[in-house]
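For the protein sequence lines, the chains are A and B, in the order given. All residue numbers for the first sequence refer to numbering that gives the first Met the number 0, where the first residue is 0 and numbers rise by one. All residue numbers for the second sequence refer to numbering that gives the first Met the number 0, where the first residue is 0 and numbers rise by one. Since the structure comes first, as structure tokens, the remarks are kept for the end.
There are 2 protein chains.
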Amino acid sequence: MTTAELAQQFMQLMIEEDEEGYQAYWSDDIVSLEAEQEGPMARVEGREALKEKHAWWEANTEVHDTSMQGPYVFGDQFAVRYTMDVTMDGERSQAEEVGLYTVKDGRIVEERFFYGHGEHT
Amino acid sequence: MTTAELAQQFMQLMIEEDEEGYQAYWSDDIVSLEAEQEGPMARVEGREALKEKHAWWEANTEVHDTSMQGPYVFGDQFAVRYTMDVTMDGERSQAEEVGLYTVKDGRIVEERFFYGHGEHT
Numbered sequence: 000m001t002t003a004e005l006a007q008q009f010m011q012l013m014i015e016e017d018e019e020g021y022q023a024y025w026s027d028d029i030v031s032l033e034a035e036q037e038g039p040m041a042r043v044e045g046r047e048a049l050k051e052k053h054a055w056w057e058a059n060t061e062v063h064d065t066s067m068q069g070p071y072v073f074g075d076q077f078a079v080r081y082t083m084d085v086t087m088d089g090e091r092s093q094a095e096e097v098g099l100y101t102v103k104d105g106r107i108v109e110e111r112f113f114y115g116h117g118e119h120t
Numbered sequence: 000m001t002t003a004e005l006a007q008q009f010m011q012l013m014i015e016e017d018e019e020g021y022q023a024y025w026s027d028d029i030v031s032l033e034a035e036q037e038g039p040m041a042r043v044e045g046r047e048a049l050k051e052k053h054a055w056w057e058a059n060t061e062v063h064d065t066s067m068q069g070p071y072v073f074g075d076q077f078a079v080r081y082t083m084d085v086t087m088d089g090e091r092s093q094a095e096e097v098g099l100y101t102v103k104d105g106r107i108v109e110e111r112f113f114y115g116h117g118e119h120t
């Protein structure tokens, strides 16, 4: 499977919110990094820890709207652009991110979230 | 200057098509990489070679429309999403890319273009 094929399938499963499906593309040792350098979510390592991160997100946010564009592929990496309209801690905001994913042996070994700093966000 | 500030200024200068302005953020040794692994434009190294690449693009394409979103920042890297509607070799097409830029000592040392493989392109 090429990086492009894996990326397309992974993204389609995310759009369908098929957790079991897209998590099958995670390496057991997947590392998840946030641009924000502070807090317990800055770096999460391993499948179980990342499931907990997702559960934390589910429990602490209300998602009003979300969109994805991509994937964009270079070698063994691909990027997905996200826009989201969420309420967290009682505050509603619109945000944009780019997730940069690294693939090894058919699994995602790292995801890295770049935060939007644009006037268009 | 933070990576976010540099990225915002660089992107603004690109929007304004201020070549001299945005090229001032290039390192003299900048490396420019395209996802496509073939051809003379796959890897271009150095300021002069990258200027020639831009000149080649200008001479060989008719750009009908273009847009940029971002920048998206993580540490010393930032991403910009591009959409474009161009005619090249007599063929008009719409494409999406993500440029991933790496900053060192206040200059861009690498740009790397990820190609869109989505149904939304």
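Idealized CB from N, CA, C, for every residue including glycine.
Could you tell me how far apart the beta carbons of residue i and residue j are, in whole angstroms, since I believe they sit closer than 8 Å?
| i | j | result |
| --- | --- | --- |
| Y114/A | E96/A | 6 Å |
| G98/B | E110/B | 6 Å |
| I29/A | R46/A | 6 Å |
| T82/A | S66/A | 5 Å |
| A34/A | F112/B | That pair is no contact at about 21 Å. |
| T101/A | Q76/A | 5 Å |
| A3/A | H116/B | 4 Å |
| H63/B | D88/B | Incorrect: roughly 15 Å between the Cβ atoms, too far for contact. |
Taking the beta strand (DSSP E) that residue i belongs to, which residues open and close that run?
| i | result |
| --- | --- |
| Y100/B | E90 to K103 |
| T141/B | Because chain B here runs from 0 to 120, residue 141/B falls outside it and cannot be looked at. |
From the beta carbon of residue i, is the nearest beta carbon of chain B less than 8 Å away?
| i | result |
| --- | --- |
| Q129/A | Here chain A covers residues 0 to 120 and nothing more, so residue 129/A does not appear. |
| G89/A | no |
| R111/A | yes |
| E96/A | yes |
| A3/A | yes |
| A41/A | no |
| A54/A | no |
| A34/A | yes |
What are the boundary residues of the alpha helix (DSSP H) that includes residue i?
| i | result |
| --- | --- |
| G115/B | Not the alpha helix (DSSP H): G115/B falls in the beta strand (DSSP E), residues R106 to G115. |
| Y135/B | This structure cannot speak to residue 135/B, because chain B is shown only from 0 to 120. |
| T2/B | T2 to I14 |
Mind checking if residue i is an interface residue toward chain A, Cβ cutoff 8 Å exclusive?
| i | result |
| --- | --- |
| Q93/B | no |
| Y24/B | no |
| Y21/B | no |
| A70/B | Note on identity: in this sequence residue 70/B is Pro, with Ala being the wrong assignment. Output row for P70/B: interface = yes. |
| Y100/B | no |
| G115/B | yes |
| A78/B | yes |
| A48/B | no |
Check whether the Cβ atoms of residue i and residue j sit closer than 8 Å, and answer yes or no.
| i | j | result |
| --- | --- | --- |
| V79/A | S26/A | no |
| Q5/B | Y24/B | For the sequence presented, residue 5/B should be read as Leu rather than Gln. In this structure, Y24/B lies closer than 8 Å to L5/B by Cβ. |
| K52/B | M40/B | yes |
| G69/B | M10/B | yes |
> What runs of the beta strand (DSSP E), each 3 residues or longer, lie entirely inside the stretch 27-65 of chain A?
Replying inline: Unbroken beta strand (DSSP E) runs of no fewer than 3 residues, entirely contained in the stretch 27-65 of chain A, are found at 42-44, following chain order.
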